[in-house]
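Here is the structure we will look at, set down as structure tokens.
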Amino acid sequence: MKKEPNKKRIAMFMILGLLFVSGIILKSVADKFYTEKTNLAVMYFNESIKGLSIGSPVVFKGVQVGKVVDIKIMTNPETLEFDIPVYVRFAKDGDVSSLSFYKEMNRKDLWQELINKGLRAKLISQNLLTGQLIIELQMLPDTPVELKNTTGDNTLEIPTALSTVAGLSKDLQDLPIKKIVTRLDNILKYIEQQLPEILPRFAEFGKKLNTYADKSAPATNQTLNQLNATLKDISGAAKSIKNLTDYLERHPDSILKGKKE
Numbered sequence: 019m020k021k022e023p024n025k026k027r028i029a030m031f032m033i034l035g036l037l038f039v040s041g042i043i044l045k046s047v048a049d050k051f052y053t054e055k056t057n058l059a060v061m062y063f064n065e066s067i068k069g070l071s072i073g074s075p076v077v078f079k080g081v082q083v084g085k086v087v088d089i090k091i092m093t094n095p096e097t098l099e100f101d102i103p104v105y106v107r108f109a110k111d112g113d114v115s116s117l118s119f120y121k122e123m124n125r126k127d128l129w130q131e132l133i134n135k136g137l138r139a140k141l142i143s144q145n146l147l148t149g150q151l152i153i154e155l156q157m158l159p160d161t162p163v164e165l166k167n168t169t170g171d172n173t174l175e176i177p178t179a180l181s182t183v184a185g186l187s188k189d190l191q192d193l194p195i196k197k198i199v200t201r202l203d204n205i206l207k208y209i210e211q212q213l214p215e216i217l218p219r220f221a222e223f224g225k226k227l228n229t230y231a232d233k234s235a236p237a238t239n240q241t242l243n244q245l246n247a248t249l250k251d252i253s254g255a256a257k258s259i260k261n262l263t264d265y266l267e268r269h270p271d272s273i274l275k276g277k278k279e
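Laid out in structure tokens, this is it:
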């Protein structure tokens, strides 16, 4: 008589198999979510980000290590100030925490150490014609740290530094332009007031200078003639000395015997 298969055992194996496959899928999803979450960072730029878009590269030492994945705009209703958080995702192979000599440090501690040593995000131009921008990570230890992420989502925030253009613009805005213009205007007014008195003096000085030049012209010409004559004498003496030197080189015994006739 043929023995019937144990249906309970088969059902148990099927359930265990489904649980095993589900566990693998859940683990893969969780790992992907964790990786995407830990590779995410946010940056707040205190300048216009026109030219920066989703997909713009993030580079470090000339190597692309990530890209922009989201750009938002947030406002404070009390102060009416606007913040523009830029979210970037680092590539798994491009994340600095993947460097071999940093393996002993966890990602959070590594990034914090780099930030403490001056790591900053900066906007630079990728194409001057199109105005496209990219984000470059640079070591700028003298730049102050200003953090703005108050969302409480524990997303890594990388401090930013002003771009070269924005820095120049800020320096120009800080110049006391009005004060400088006022001083220049006062100087021009003073010169304008003094011109009626100064111009006659310059004219008189010019006449005196011309008179002196006319009187001193003969003496100057005589001096130049004497200088030319002196230079000719010096040139003749130099030529004679050269001839004597050449003769002595050819007839060194003439010093003792005298010049041959």
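Counting in our numbering, the sequence shown tops out at residue 279, every number present. A virtual CB, placed ideally from N, CA and C, is assigned to each residue, including glycine.
Bounding residues of the beta strand (DSSP E) (the contiguous stretch that carries residue i)
i    : result
I142 : L137 to N145
E65  : From DSSP, E65 is part of no beta strand (DSSP E); its letter is neither H nor E.
L151 : Q150 to M157
V77  : P75 to F78
Check whether residue i and residue j have beta carbons under 8 Å apart
i    : j    : result
I133 : I176 : yes
A139 : T173 : no
G84  : V60  : no
L147 : I67  : no
L70  : V86  : yes
L141 : F63  : yes
I89  : I72  : yes
L155 : V104 : no
D101 : K166 : yes
F108 : N145 : no
S74  : I195 : no
Which listed residue (the options) has its alpha carbon closest to that of residue i
i    : options                  : result
T161 : S181, T248 and T93       : S181
L158 : N167, E65, G136 and N228 : G136
E65  : R268, E99 and Q82        : E99
Cross-strand partners of residue i (DSSP beta bridge)
i    : result
E267 : Beta-bridge pairing links E267 to no other residue.
D101 : M92
Q82  : V77
L15  : Beyond the ends of the chain as shown, which are 19 and 279, falls residue 15; an answer cannot be given.
E175 : V60
F108 : G84
Host alpha helix (DSSP H) of residue i (start-end)
i    : result
L132 : R125 to N134
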